[in-house]
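This report refers to the structure that appears directly beneath it.
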Amino acid sequence: MGDWKTITVPALSSASKIAYQNTSEKKMSPSSLNMQQVLCSPLPSYKSMHSFFSAFCTEENVEQSISYLNRELTTLGFPSLYSECKDKELNVVSVLNCMNELLVLQRKNLRAQEEVEIQHLKLGSDMDHLQNCYAKVKEQLEASRREIVGLQERDRQQQCKNRNLHQLLKNEKDEVQKLQNIIASRATQYNHDMKRKEREYNKLKERLHQLVMNKKDKKIAMDVLNYVGRVDGKRGAWKTGKTEARNEEEMYKVLLGGYEQRQKQLLVENAELKKVLQQMKKEMISLLPPQKQKPKERAEDGIGPVLSDMEEDAVELNKENMWELSCETVREQLTNSIRKQWRMLKNHVEKLDNQVSRAHSGALNGSDVISREDHELETEKLELEIQQCKEMIKTQQQLLQDCYLLEERERLQEEWKLFREQKKNFERERRSFTEAAIRLGLERKAFEEDRGAWLKQQFLSMTSDHKNSEHVKTPSAYSGSSDPDNQLMNFRSRQKKPHCLPSVHPSEDLCQTIQHIPPNSNSSVVLNKTTEDSKPKQWKGLNKAETE
Amino acid sequence: MNFSEVFKLSSLLCKFSPDGKYLASCVQYRLIIRDVNNLQILQLYTCLDQIQYIEWSSDSLFILCAMYKRGIVQVWSLEQPDWHCKIDEGSAGLVASCWSPDGRHILNTTEFYLRITVWSLCTKSVSYIKYPKACQHGIAFTKDGRYMALAERRDCKDYISLFVCSDWQLLRHFDTETQDLSGIEWAPNGCVLAVWDTCLEYKILLYSLDGRLLSTYSAYEWSLGIKSVAWSPSSQFLAIGSYDEKVRILNHVTWKKITEFEHPVTIANPKIIVYKEMEKSTRVETESLAFPPARAQASSLFSTQSKYDISQVPVTLQYVKPVTDRANPRIGIGMLAFSPDNCFLATKNDNIPNAIWIWDVQKLKLFVVLEQLYAVQLFQWDPRQPRLAICTGNSKVYLWSPAGCVSVQVPMEGDFQVLSLCWHSSGDSMALLTSGFLEVWKSLQPHFHYMNMI
């Protein structure tokens, strides 16, 4: 707004007098005073100015007015109107200067006045605004005051209600207590009455009992055809101290049996639960990553050594199978260790949760992306490896197959060789055998002829010898031995020949191979068999051949 | 389906023998013993008065018939039909009668629970036990028959006496911390005895065989307490049904509650199968009717077929609001039974009388709910396999097994109501009892046969 400067504009004499009078009468603030002055004294119009100005200086009082003006101007700090050298002579230059100065001053004043007016307006509007605000605030204050009053009123009512309810509750409680007391007293009364009645009743019962017993009612009896045997077949026993003791014993046995069974069940259950706990502990230990312990040793100060303790404990427990015992310390150890593990697991899971939530918020996005890429690279690598491995396997399989083929071919070739050799051998043998067979056939023929001749001889000799039967009574076998021996010798000698000739393998293969020879040499087979036999059998073989 | 013919029966007295060979039934004062396979009458005994109770001895050689009005118990032998035995309590009166586990002693409870007389069939001895407790389950035998627990009351205090059944020697006698003992039951392993208090106080005590208190369990105070109790066959669990419509299961190791089974009116869990019995309307073709109508046709005309449908969860069951100003209200778990293989527990909430809840014991969760058209009268597990037979007082019997459930119409003349049933010990047949008749369902096939017939 700027500072208010009191600028007293000297008004013209008469007008000024009036103005001054006016101003001296009204005791207002300097600002308003000036404002009034300014307002009251706007720049008059030309004509009025003219008249106004002519009122001050006329032709008569020029000197006076000049001296007055000079006086005024010098007091205001302007240079003197009079010239320096000559007194009472108007210095036109200084007059003009003074006039200019006055004009400038006037303009400055006008400007200042304008400014002041603007500021005045501004202040007026501010004032209005402030007054409005004040009015509003006052209204608000009033409203809030009223609200407060209302709320206080409501609060009071609620308090009242609360108190009432408390009172009611207390009344109810009192009533309940009273009723309970009443019930208790009534119960005692009823009990007392009941007891009294019961005593009376007991007396009656006693009386009745006496009567019943005294009457010795013959009717009260059991009429039974014959007594039945006991269930267990034994006779009844007297009641003695022994039986009593035995009964007590039985009873305690039954009880103990029940307790033992229960204890067994509980032990089994306990063992199972302990096992489960142990398992859980192991699983928890395995779940917790062991790496985490190193960097976080500071934070989880006691847990590192604790974990090692736990491990030791676990090892101890497992080693010594102490969990089978049910002593307090073992139980405590187990439960404590489980609790600790559980806490660690919980912490771990919480940390993971936090990590996950942080990751979700985007802080660790990059690492995720990278890890995915890595993952993909790795999978590609692995796939390549798989491919390579597959190819390798295929080639190896082929190679193996080739090897096998080669091996087999070689084997086959060897076998072919063997086969061919054997074939040759067989051919040779066959040829030799056929020759032998032919020879044998021829010899057989000869033998048959010889035999026939010998039989004839024998027969003839028998008929002739019959007459001389005394000294020759040996069985035909022996009697004919000399001659057949001879024959045999002949045969043998002849037979021996075929023995020497073929390269006889005294093995079964020979027999078999010979069997494969076409059937026309059947006889040779039989003969061969016979040739292999020993001497007495040869004779039998001959007989056989004969009979056949 | 192999149903026998209808036999007469009175007072729903019909029992299979423990060895499974005979079926005993009563008609007025006659006792009829039939062979189980062909239902031929093997023996016929005549008693002195109308029979009110029959019980086989454990070796199936004898059967006792109790006539409470006359105070007489007659015992018959199957081996020797001529043998007879009559026990007359005379002026002492008779309220209850039962066999001892060895099958040679009879325990008679005289009127007003004055005393229990132990009559021996082997010797001439008679024993008296004074001050027995006047409650329904006052005598309990262990499963192996060695020990008997008897509840007594002297001087306004409850006691338990443990006897050795072989010679009736008193082994232990101890007092219980109950107000008014209402039942005792041995665990199947014979080592633990469960003792529970009157319904006015929820308290169950567990005693060991030698009389030591093992544990006490009390779920809540003031409200009505225990209504029914059942041991699991392996003695591992003790199921307690109470008036607050919940079943609590205690475990045998710590005797603490391991779970609670609730029986709400609305079932919302989709994993639970709800079978609802629906009536199938049978169409009657009037042209094909013959006159006079054949018997079978007549009965089928008037009986409505029913079948089971699987309801979609959530299901709201029929709820019966109990009358609050009467004693013994019909609320709470009234029936509890474990299956013989210990896999299932069947319960009935008396607030919702049409439904049976079957719980899977392995998972301790509700498995199946069966919603019937009428209130369930009785259910009983097959003694060999997890198969439940249910009767609701109409002419049908229902079978449930994990494979499914089936509703079977019992072929009988007229309109009758199956009020009770009992299984044969092999699970092969079942006796169905109505108020005047008996019918035996023979050669019950394995369950899947019936599933195909629905």
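Protein sequence lines correspond, in order, to chains A and B.
So in the working numbering, the last spot in the first sequence is 558, and the numbers never skip.
So in the working numbering, the last spot in the second sequence is 1762, and the numbers never skip.
Just so it is clear, CB atoms sit at the ideal spot from N, CA and C, and this is done for glycine as well.
1. Would A1387(B) and K1323(B) qualify as a contact pair, given that the criterion is a beta-carbon distance under 9 Å?
2. Under 9 Å between C-beta atoms, does D1327(B) make it to chain A?
3. Apart from the five residues just before and just after L355(A), which ones in its own chain have a Cβ nearer than 8 Å to its Cβ?
4. Measuring CB to CB, does S1405(B) end up less than 9 Å from V1434(B)?
5. Which runs of the alpha helix (DSSP H) fall wholly inside the region 80–140 of chain A and span at least 4 residues, in chain order?
6. Tell me where the alpha helix (DSSP H) around N1310(B) begins and ends.
7. Given this structure, state the Cα-to-Cα distance separating K1511(B) from F1569(B), to the nearest angstrom.
8. Should Y1337(B) and Y1361(B) be called a contact, given that it needs their Cβ atoms to be closer than 9 Å?
9. Could you tell me whether any Cβ in chain A is nearer than 9 Å to the Cβ of N1650(B)?
10. Under 8 Å: do the region 1521–1534 of chain B and the region 1613–1625 of chain B share three or more Cβ pairs, one atom per stretch?
11. Just verifying my parser: in three-state terms, what is the DSSP assignment at N1662(B)?
12. In whole angstroms, what is the alpha-carbon distance linking S1543(B) and W1494(B)?
13. Are the region 1417–1434 of chain B and the region 269–279 of chain A in contact at 8 Å, needing three or more beta carbon pairs?
14. Is it buried or exposed, I1664(B), if we count other Cβ atoms within 10 angstroms and call 16 or more buried?
15. Between V1684(B), R1480(B), N1559(B), R1462(B), which has its C-alpha nearest T1486(B)'s C-alpha?
16. Looking at S1516(B) and W1504(B), is the spacing between their C-beta atoms short of 9 Å?
17. Below 7 Å CB to CB, which residues in the same chain sit around E182(A) once its five sequence neighbours on both sides are set aside?
18. Would you say V1472(B) reaches chain A, if we count a Cβ-Cβ gap shorter than 9 Å as a contact?
19. By the criterion of Cβ-Cβ separation under 8 Å, what are the contact partners of I192(A) in chain B?
20. Look at the alpha carbon of W1708(B) and the alpha carbon of V1714(B), and state the distance between them as a whole number of angstroms.
21. Quick one: give me the first and last residue of the alpha helix (DSSP H) that T1742(B) is part of.
22. Determine the burial state of T1742(B): buried for a count of at least 16 other Cβ atoms within 10 Å of its Cβ, exposed for fewer.
23. Can you give the beta carbon distance from L1321(B) to I1359(B), rounded, assuming they're within the 8 Å contact cut?
24. For my contact list, I1641(B) and S1550(B) are in at a C-beta cut-off of 8 Å; report their separation, rounded to the angstrom.
25. If you measure from the beta carbon of F1724(B) to each beta carbon in chain A, is any gap under 9 Å?
26. Over what stretch of residues does the alpha helix (DSSP H) that includes K350(A) continue unbroken?
27. Within the 9 Å Cβ cut-off, does Q1620(B) reach chain A?
28. Alpha carbon to alpha carbon, how far is V1718(B) from A1459(B)?
29. Would you please state the rounded distance, in angstroms, between the beta carbons of G1379(B) and L1356(B)? I believe it to be under 8 Å.
30. Can you name the residues of chain B whose CB is closer than 7 Å to the CB of E393(A)?
31. Using DSSP bridges, identify the partner residues of D1668(B).
32. Identify, in the order they occur along the chain, each residue of the same chain with its Cβ nearer than 8 Å to the Cβ of I1580(B), setting aside the five sequence neighbours on each side.
33. From the DSSP secondary-structure annotation, give me the bridge partner or partners of C1322(B).
34. Which parts of the region 1679–1729 of chain B are runs of the beta strand (DSSP E), unbroken and 3 residues or longer, counting only runs that do not cross its ends?
35. Can you pull the chain B neighbours of R240(A), defined as C-beta to C-beta under 7 Å?
Result, derived from the coordinates:
1. The question names Ala, yet the displayed sequence has Glu at residue 1387(B). No.
2. no
3. M294, L297, L298
4. no
5. none
6. Unbroken run through N1310(B) is the beta strand (DSSP E), 1310–1316; no alpha helix (DSSP H).
7. Cα to Cα, K1511(B) sits roughly 18 Å from F1569(B).
8. no
9. no
10. no
11. coil
12. 9 Å
13. no
14. Counting of Cβ neighbours within 10 angstroms places I1664(B) among the buried residues, the total reaching 16 or more.
15. R1462(B)
16. no
17. none
18. Chain A has a Cβ within less than 9 Å of the Cβ of V1472(B).
19. Identification of chain B residues near I192(A) by a Cβ-Cβ cut-off of 8 Å yields none; the smallest Cβ-Cβ distance measures about 11 Å.
20. Roughly 7 Å separates the two Cα atoms.
21. That residue, T1742(B), is in no alpha helix (DSSP H); it is neither H nor E in DSSP.
22. With 16 or more other CB atoms across the displayed protein chains lying within 10 angstroms of its CB, T1742(B) is buried.
23. Contact between L1321(B) and I1359(B) holds: their C-beta atoms lie close to 6 Å from each other, under 8 Å.
24. 6 Å
25. No, F1724(B) does not count as interfacial toward chain A.
26. For K350(A), the uninterrupted alpha helix (DSSP H) run begins and ends at 338–371, by DSSP.
27. No, Q1620(B) does not count as interfacial toward chain A.
28. V1718(B) and A1459(B) have their C-alpha atoms some 41 Å from each other.
29. In fact, because the Cβ distance is near 11 Å, the residues do not count as touching under 8 Å.
30. Residues of chain B with a Cβ closer than 7 Å to the Cβ of E393(A) do not exist, since the nearest Cβ in that chain sits about 49 Å away.
31. Looking at the DSSP assignment, D1668(B) forms a beta bridge with F1652(B), K1673(B).
32. V1621, L1674, F1675, V1676, V1677
33. S1333(B)
34. 1686–1689, 1696–1699, 1704–1709, 1712–1717
35. Result: R1412, C1430.
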